[in-house]
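J.: Each residue of the sequence shown is one higher than the one before, counting from 391 in this note's numbering.
Structure below; questions to follow.
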Amino acid sequence: MTETVQRSVVAPSAAAGALVNPNAYAEAGDFLPLDGIDHIEFWVGNARQAAAYFRALWGFTPVAFAGLETGVRDRASYVMVQNGIRLVLTAPLTPDGPLADHVRLHGDGVHDIAFSVRDVATSYQETTARGAVGALPPTELDGGPDGVLRQSSVRTYGDVIHSFVDRSDYHGMFAPGYRRIRKPAAHAEGLSLIEVDHCVGNVELGEMDRFVAFYRDVFGFSQLIHYDDKVIHTEYSALMSKVMTNGNGRIKFPINEPATGRKKSQIQEFLDWYRAPGTQHVALRTEQIVETVRRLRENGAEFLGMPHEYYRELPERVGDVGVPVETLEELGIEADRDEEGYLLQIFTRPIQDRPTFFFEIIERHGSRGFGVGNFRALFEALEREQARRGNL
Ligand code: FE2
Numbered sequence: 391m392t393e394t395v396q397r398s399v400v401a402p403s404a405a406a407g408a409l410v411n412p413n414a415y416a417e418a419g420d421f422l423p424l425d426g427i428d429h430i431e432f433w434v435g436n437a438r439q440a441a442a443y444f445r446a447l448w449g450f451t452p453v454a455f456a457g458l459e460t461g462v463r464d465r466a467s468y469v470m471v472q473n474g475i476r477l478v479l480t481a482p483l484t485p486d487g488p489l490a491d492h493v494r495l496h497g498d499g500v501h502d503i504a505f506s507v508r509d510v511a512t513s514y515q516e517t518t519a520r521g522a523v524g525a526l527p528p529t530e531l532d533g534g535p536d537g538v539l540r541q542s543s544v545r546t547y548g549d550v551i552h553s554f555v556d557r558s559d560y561h562g563m564f565a566p567g568y569r570r571i572r573k574p575a576a577h578a579e580g581l582s583l584i585e586v587d588h589c590v591g592n593v594e595l596g597e598m599d600r601f602v603a604f605y606r607d608v609f610g611f612s613q614l615i616h617y618d619d620k621v622i623h624t625e626y627s628a629l630m631s632k633v634m635t636n637g638n639g640r641i642k643f644p645i646n647e648p649a650t651g652r653k654k655s656q657i658q659e660f661l662d663w664y665r666a667p668g669t670q671h672v673a674l675r676t677e678q679i680v681e682t683v684r685r686l687r688e689n690g691a692e693f694l695g696m697p698h699e700y701y702r703e704l705p706e707r708v709g710d711v712g713v714p715v716e717t718l719e720e721l722g723i724e725a726d727r728d729e730e731g732y733l734l735q736i737f738t739r740p741i742q743d744r745p746t747f748f749f750e751i752i753e754r755h756g757s758r759g760f761g762v763g764n765f766r767a768l769f770e771a772l773e774r775e776q777a778r779r780g781n782l
């Protein structure tokens, strides 16, 4: 199941502050094992409108619903699917309880990054024995003729949890209590998002190494890359990041913490407005980034803008990336290259009013990196936005 990275994944120019572990995948002990990301659940203020947003703008298809009409009295949930990506949008129907508290404190945000596993009981026992705090003990949800869905959950940074989900004996739409929705996808020609590439957590100053150790000790992940503040900085601010991965490489979790600089780090801005550590962004992988970003822009998506100078220097830095630099600039797509290949990526502005969660779209051509060559230009773009919000 394991694959070994033979070579550095970071460009030589960036190597000074980016330490790469060439044996990360081999070192990750897949004792659970985790088969991938089953779904990501957002807790939001208005799930019906969030579902309409993900359908009309992002091209997700609503497939299942739970709420008053299905006998659920305290919440409404919509399950949205696109290729291998499954998002669940859940909103409270009452002013009390953890869901309403979560929305009041954090605004909209990621509640659960759920893993697909073969044995939810073992996953729960092994991770709690290694130090994880339990959130839901192993539970069997009876779906009648659809079978049984097994689930358990543990906590991670902030109020985020990781559920373990076993669907092997369940044949319903998403989970017991959900009803199938028969609604076509929005018109989204050209738009293609395939799977979750990575999920980034922002934690408080001094906490990065604690969560690196958490994913290493509790989940058997290993550290793929360490970007220190010499790599990730602008004139004003800095951050540090370590990327944790599981043994089959399907799960990649960069963990960021703010570093001290002359002005406020974008990580600190997130922490201030989310009021806690949380999931900063989820990267969705595509194999047609040009068509996808073009369609997303037509649908009203807002992306971070990169300056003209970035594109003037790009051909020399990354060479041929299969897309004319004029097209990259027109759409705001960034490029980076390392020893293994190249990648194209773009970042949305925050998708809710608080300057917290955003999406990345990434197209990989050999590179397994995260776009370190773009970090400085990207963070300067983020700081321009921070300044506009009065948060720099
Ligand atoms: Fe990313």
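Yeah, the Cβ is synthetic: ideal placement off N, Cα and C, and Gly gets one too.
Note that the structure is a prediction, hence the values are computed from the model and not measured.
Given 7 Å as the limit, tell me if residue 671 has its C-beta closer than that to any heavy atom belonging to ligand 1.
T.: Your numbering for residue 671 matches position 281 in the sequence shown. At least one heavy atom of ligand 1 is nearer than 7 Å to the Cβ of residue 671, so yes.
J.: On a CA-only basis, which of 664, 611 and 653 is nearest residue 638? Give me that one, please.
T.: Counted from its first residue, the sequence shown places residue 638 at position 248. Per the Cα distances, 611.
J.: CA-CA distance, residue 697 and residue 457?
T.: Mapped onto the sequence shown, residue 697 falls at position 307. Mapped onto the sequence shown, residue 457 falls at position 67. If I take the Cα positions, the gap works out to 45 Å.
J.: In or out: residue 774 buried (at least 16 other Cβ within 10 Å) or exposed?
T.: In the sequence shown, the residue the question calls residue 774 occupies position 384. Result: exposed.
J.: Using the rule of at least 16 other Cβ atoms within 10 Å of the residue's Cβ for burial, across every protein chain shown, is residue 778 buried or exposed?
T.: In the sequence shown, residue 778 corresponds to position 388, counting from 1. Exposed is the call here.
J.: Under the three-state reduction of DSSP, which class applies to residue 506: helix, strand or coil?
T.: Working through the sequence shown from its first residue, we reach residue 506 at position 116. DSSP places residue 506 within a strand segment (E or B) once states are collapsed to three.
J.: Please look up how many angstroms separate the CB atoms of residue 724 and residue 764, rounded, as I've assumed it's under 8 Å.
T.: By one-based count along the sequence shown, residue 724 stands at place 334. By one-based count along the sequence shown, residue 764 stands at place 374. Right, the Cβ-Cβ distance comes to about 5 Å (below 8 Å), so this counts as a contact.
J.: Report back the beta-carbon spacing between residue 464 and residue 483 to the nearest angstrom; my notes put them in contact at under 8 Å.
T.: Mapped onto the sequence shown, residue 464 falls at position 74. Mapped onto the sequence shown, residue 483 falls at position 93. Right, the Cβ-Cβ distance comes to about 6 Å (below 8 Å), so this counts as a contact.
J.: Any beta-carbon of chain D closer than 8 Å to the one on residue 472?
T.: Note that chain D does not occur in the displayed structure, where there is just one protein chain.
J.: So what does DSSP say about residue 720, is it helix, strand or coil?
T.: Taking the sequence shown and counting its residues from 1, the one referred to as residue 720 is at position 330. It is helical.
J.: Going by the CB atoms, is the gap between residue 475 and residue 550 shorter than 8 Å?
T.: Counted from its first residue, the sequence shown places residue 550 at position 160. Counted from its first residue, the sequence shown places residue 475 at position 85. No; because the gap between Cβ atoms is not below 8 Å, this pair is not in contact.
J.: Since residue 467 sits in a beta bridge, which residues does DSSP pair it with?
T.: Residue numbering aside, residue 467 sits at position 77 when the sequence shown is read from its first letter. According to DSSP, which records beta bridges pairwise, residue 467 is partnered with 456 and 480.
J.: Could you check what DSSP says for residue 689 in three-state terms: helix, strand or coil?
T.: Translated into the one-based positions of the sequence shown, residue 689 becomes position 299. If DSSP states are grouped into helix, strand and coil, residue 689 belongs with the helices.
J.: By the three-class DSSP mapping on this structure, what secondary structure does residue 539 have?
T.: For the purposes of this step, residue 539 is taken as residue 149 along the sequence shown, with counting starting at 1. Here residue 539 sits in strand by DSSP.
J.: Are residue 449 and residue 603 touching if we call contact CB-CB under 8 Å?
T.: What you label residue 449 is simply residue 59 of the sequence shown in a count that begins at 1. What you label residue 603 is simply residue 213 of the sequence shown in a count that begins at 1. Not a contact, by the Cβ cut-off of 8 Å.
J.: Between residue 724 and ligand 1, is there a pair consisting of the residue's CB and a ligand heavy atom that are separated by less than 7 Å?
T.: Taking the first residue of the sequence shown as 1, we reach residue 724 at position 334. Flag unset: Cβ of residue 724 not near ligand 1.
J.: Is it true that the CB of residue 752 sits closer than 8 Å to the CB of residue 673?
T.: Looking up residue 673 in the sequence shown gives position 283. Looking up residue 752 in the sequence shown gives position 362. Yes, the pair counts as a contact, with Cβ atoms nearer than the cut-off.
J.: What residue does the beta strand (DSSP E) around residue 552 start on, and which one ends it?
T.: Indexing the sequence shown from 1 puts residue 552 at position 162. Note, residue 552: beta strand (DSSP E), 551-556.
J.: Note down the Cα distance separating residue 655 from residue 498, rounded to an integer number of angstroms.
T.: Taking the sequence shown and counting its residues from 1, the one referred to as residue 655 is at position 265. Taking the sequence shown and counting its residues from 1, the one referred to as residue 498 is at position 108. So the two alpha carbons sit approximately 21 Å from each other.
J.: Between the C-alpha atoms of residue 559 and residue 533, what's the straight-line distance to the nearest angstrom?
T.: Locating residue 559 in the sequence shown gives position 169, counting from the first residue. Locating residue 533 in the sequence shown gives position 143, counting from the first residue. Roughly 10 Å separates the two Cα atoms.
J.: For residue 745, tell me which candidate among 490, 641, 548 and 668 has the shortest Cα-Cα distance.
T.: Translated into positions along the sequence shown, residue 745 becomes position 355. If we check each option's Cα against that of residue 745, 668 comes out closest.
J.: Expressed to the nearest angstrom, what Euclidean distance is found between the alpha-carbon atoms of residue 761 and residue 718?
T.: For the purposes of this step, residue 761 is taken as the residue at position 371 of the sequence shown. For the purposes of this step, residue 718 is taken as the residue at position 328 of the sequence shown. Computed Cα separation, rounded: 15 Å.
J.: Excluding the 5 residues preceding and the 5 following residue 595 in the sequence, name in chain order all residues of the same chain whose CB lies nearer than 6 Å to its CB.
T.: Translated into positions along the sequence shown, residue 595 becomes position 205. Hits under 6 Å: 647 and 648.
J.: Looking only at its own chain, which residues have a Cβ that is under 8 Å from the Cβ of residue 555, when we skip the five neighbours before and after it?
T.: Numbered from 1 along the sequence shown, position 165 holds the residue referred to as residue 555. Same-chain partners within the cutoff: 428, 429, 504, 505, 506, 507, 510, 539, 540 and 541.
J.: Let me know the secondary structure DSSP gives residue 394 once reduced to three states.
T.: What you label residue 394 is simply residue 4 of the sequence shown in a count that begins at 1. Because residue 394 sits at a pLDDT of 36, beneath the cut-off of 50, its placement in the model cannot be relied upon, and the following sentence gives the value as read from the coordinates. DSSP places residue 394 in coil when its eight states are reduced to three.
J.: Between 714, 739, 722 and 597, which lies nearest to residue 749 when the distance is taken from Cα to Cα?
T.: Residue numbering aside, residue 749 sits at position 359 when the sequence shown is read from its first letter. Among 714, 739, 722 and 597, the Cα nearest to that of residue 749 is on 739.
J.: Considering only heavy atoms of ligand 1, does any lie closer than 7 Å to the CB of residue 555?
T.: Working through the sequence shown from its first residue, we reach residue 555 at position 165. For ligand 1, not one heavy atom lies less than 7 Å from the Cβ of residue 555.
J.: So for residue 633, helix, strand or coil by DSSP?
T.: Translated into the one-based positions of the sequence shown, residue 633 becomes position 243. Note: residue 633 maps to strand in three-state DSSP.
J.: In whole angstroms, what separates the C-alpha of residue 781 from that of residue 734?
T.: Here residue 781 refers to the residue found at position 391 of the sequence shown. Here residue 734 refers to the residue found at position 344 of the sequence shown. Using only the alpha carbons, I get a separation of about 29 Å.
J.: With a Cβ-Cβ cutoff of 8 Å, do residue 783 and residue 537 count as a contact?
T.: In the structure as shown, the chain begins at 391 and stops at 782. Residue 783 is therefore absent and cannot be evaluated.
J.: Excluding the five sequence neighbours on either side, which residues of its own chain have a C-beta within less than 6 Å of the C-beta of residue 501, listed in chain order?
T.: Looking up residue 501 in the sequence shown gives position 111. 431 and 433, listed in sequence order.
J.: Distance check for residue 642 and residue 426, CA to CA, integer angstroms please.
T.: If you number the sequence shown from 1, residue 426 lands on position 36. If you number the sequence shown from 1, residue 642 lands on position 252. Rounded to the nearest angstrom, the two C-alpha atoms are 10 Å apart.
J.: Rounded to whole angstroms, what is the Cα-Cα separation between residue 583 and residue 685?
T.: Position 193 of the sequence shown, counting from 1, holds the residue named residue 583. Position 295 of the sequence shown, counting from 1, holds the residue named residue 685. Each residue's Cα considered, the two are about 12 Å apart.
J.: Any chance the CB of residue 585 is under 7 Å from a heavy atom of ligand 1?
T.: Working through the sequence shown from its first residue, we reach residue 585 at position 195. Every heavy atom of ligand 1 is 7 Å or more from the Cβ of residue 585, so no.
J.: Can you tell me the Cα-Cα spacing of residue 492 and residue 607, whole angstroms?
T.: What you label residue 492 is simply residue 102 of the sequence shown in a count that begins at 1. What you label residue 607 is simply residue 217 of the sequence shown in a count that begins at 1. So the alpha carbons of these two residues sit roughly 28 Å apart.
J.: For residue 446, which residues in the same chain have their Cβ closer than 6 Å to its Cβ, ignoring the five residues on either side in sequence?
T.: The residue labelled residue 446 in the question sits at position 56 within the sequence shown. Contacts found: 576.
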